[in-house]
Amino acid sequence: GKAVVDNKMLRRFARNAFGARKLVASSRSFSVKTFEIYRWNPDEGGEPKTQKYEIDLNDCGPMVLDALIKIKNEVDPTLTFRRSCREGICGSCAMNIDGGNNLACLSKIEDNGKPCKIYPLPHMEVIKDLVPDLNNFYTQYKSIKPWLQPASSTPKAQDGEYLQSKEDRKLLDGMYECILCACCSTSCPSYWWNGDKYLGPAVLMQAYRWIADSRDGSNCTIDT
Numbered sequence: 001g002k003a004v005v006d007n008k009m010l011r012r013f014a015r016n017a018f019g020a021r022k023l024v025a026s027s028r029s030f031s032v033k034t035f036e037i038y039r040w041n042p043d044e045g046g047e048p049k050t051q052k053y054e055i056d057l058n059d060c061g062p063m064v065l066d067a068l069i070k071i072k073n074e075v076d077p078t079l080t081f082r083r084s085c086r087e088g089i090c091g092s093c094a095m096n097i098d099g100g101n102n103l104a105c106l107s108k109i110e111d112n113g114k115p116c117k118i119y120p121l122p123h124m125e126v127i128k129d130l131v132p133d134l135n136n137f138y139t140q141y142k143s144i145k146p147w148l149q150p151a152s153s154t155p156k157a158q159d160g161e162y163l164q165s166k167e168d169r170k171l172l173d174g175m176y177e178c179i180l181c182a183c184c185s186t187s188c189p190s191y192w193w194n195g196d197k198y199l200g201p202a203v204l205m206q207a208y209r210w211i212a213d214s215r216d217g218s219n220c221t222i223d224t
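Taking UniProt numbering, the leading residue of the sequence shown gets 1, the next gets one more, and so forth.
Shown next, in the form of structure tokens:
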């Protein structure tokens, strides 16, 4: 009698264990996402193209940058893009994702069955693949002299630090956080067509950040 009971219990355990394995296998089924990525290599010449890559989202991090790193490390080492902090701090991985300029490290992969289309920031010269030439952007940034130029009347602490009230410091909220990723400037049609003359929203905002700083005493000139 006891042997029969034990056998029944073993069979029941085996069925439950098999069912659990099937459940685990089902939960790990492939969830394939297609990435259509802009490719252009100046050494090869020719016209730009888009190349498709398929990634299993169960074996990839949640962000677009995770997918790009996986593609470069495991599928195609020739894919070229900028990246650094992976935390939305450095601005290196700015690119056009599904029609909008964003940081790849902060852009969640949408599991919606549609391809994710990735291009470099628009209306800029392309160095290679997803890497735009930012020289003009940084030259414009340099032209506003983006550093503190204190007035002689600005109070100074004993250690040499220029002082500012909490109220004046609060006026800078929303400006000093800019990481110069160029997403906003390259979304601006006026900057597209007049980038040689118009500084663009990012640089203009940076200029105002120093104009609004109570410690700064410059006359707001811009080098041209």
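Glycine included, every Cβ here is placed at the ideal spot set by N, Cα and C.
With C-beta atoms as the reference, is LEU121 less than 8 Å away from ALA94?
Indexing the sequence shown from 1 puts residue 121 at position 121. Indexing the sequence shown from 1 puts residue 94 at position 94. With contacts defined by Cβ atoms closer than 8 Å, LEU121 and ALA94 form a contacting pair.
What would DSSP say about GLN206, mapped onto helix, strand or coil?
The residue labelled residue 206 in the question sits at position 206 within the sequence shown. If DSSP states are grouped into helix, strand and coil, GLN206 belongs with the helices.
Cα-Cα separation, GLY160 to ASN101
Position 160 of the sequence shown holds residue 160. Position 101 of the sequence shown holds residue 101. One Cα belongs to GLY160, the other to ASN101, and the distance between them is close to 41 Å.
Ordered list of alpha helix (DSSP H) runs contained in the UniProt domain "2Fe-2S ferredoxin-type" (35-124), each at least 4 residues
Scanning the UniProt domain "2Fe-2S ferredoxin-type" (35-124) for uninterrupted alpha helix (DSSP H) segments of 4 residues or longer gives 64-70, listed from N- to C-terminal end.
Could you give the distance in angstroms between the alpha-carbon of ASP216 and the alpha-carbon of PRO155?
Here residue 216 is taken as the residue at index 216 of the sequence shown, counted from 1. Here residue 155 is taken as the residue at index 155 of the sequence shown, counted from 1. Going from the Cα of ASP216 to the Cα of PRO155 covers about 11 Å.
How would you call ILE211, buried or exposed, if buried means at least 16 neighbouring beta carbons within 10 angstroms?
Taking the sequence shown and counting its residues from 1, the one referred to as residue 211 is at position 211. Exposed, because fewer than 16 other Cβ atoms sit within 10 Å of the Cβ of ILE211.
Do three or more CB pairs link the region 168-177 to the region 135-146 at distances below 8 Å?
No contact exists between the region 168-177 and the region 135-146.
Going by C-alpha distance, which of ARG39, GLY46, ILE71 and PRO42 is nearest LYS33?
Indexing the sequence shown from 1 puts residue 33 at position 33. Of the candidates ARG39, GLY46, ILE71 and PRO42, the one whose C-alpha sits nearest the C-alpha of LYS33 is ILE71.
Inspect the beta-carbon positions of LEU180 and TYR119 and report whether they are closer than 8 Å.
The residue labelled residue 180 in the question sits at position 180 within the sequence shown. The residue labelled residue 119 in the question sits at position 119 within the sequence shown. No, the Cβ-Cβ distance between LEU180 and TYR119 is not below 8 Å.
Outcome for ILE55 when other beta-carbon atoms lying within 10 angstroms are tallied against a minimum of 16:
For the purposes of this step, residue 55 is taken as the residue at position 55 of the sequence shown. Residue environment analysis places ILE55 among the buried positions, since at least 16 neighbouring C-beta atoms fall within 10 angstroms of its C-beta.
Using alpha carbons as the reference points, say which of SER190, GLU74 and TYR162 lies closest to SER152.
By 1-based counting over the sequence shown, the position of residue 152 is 152. Cα-wise, what sits closest to SER152 is TYR162.
Please work out which residues of its chain come closer than 7 Å, Cβ to Cβ, to GLY195, disregarding the five sequence neighbours upstream and downstream, and give them in chain order.
As a first step, residue 195 must be located in the sequence shown, where it is residue number 195. Answer for GLY195: ASN136, listed in chain order.
With DSSP collapsed to three states, give me the class of PRO155.
Within the sequence shown, the letter at position 155 stands for residue 155. PRO155: coil per DSSP, three-state reduction.
In the DSSP assignment, what residue or residues form a beta bridge with LYS145?
In the sequence shown, the residue the question calls residue 145 occupies position 145. DSSP lists no partner for LYS145.
Where ILE127 falls: helix, strand or coil (DSSP)
For this step, residue 127 is matched to residue 127 along the sequence shown. ILE127: strand per DSSP, three-state reduction.
Local Cβ density within 10 Å of SER84, reported as buried at 16 or more and exposed below that
Mapped onto the sequence shown, residue 84 falls at position 84. By the neighbour-count definition (other C-beta atoms within 10 Å, threshold 16), SER84 is an exposed residue.
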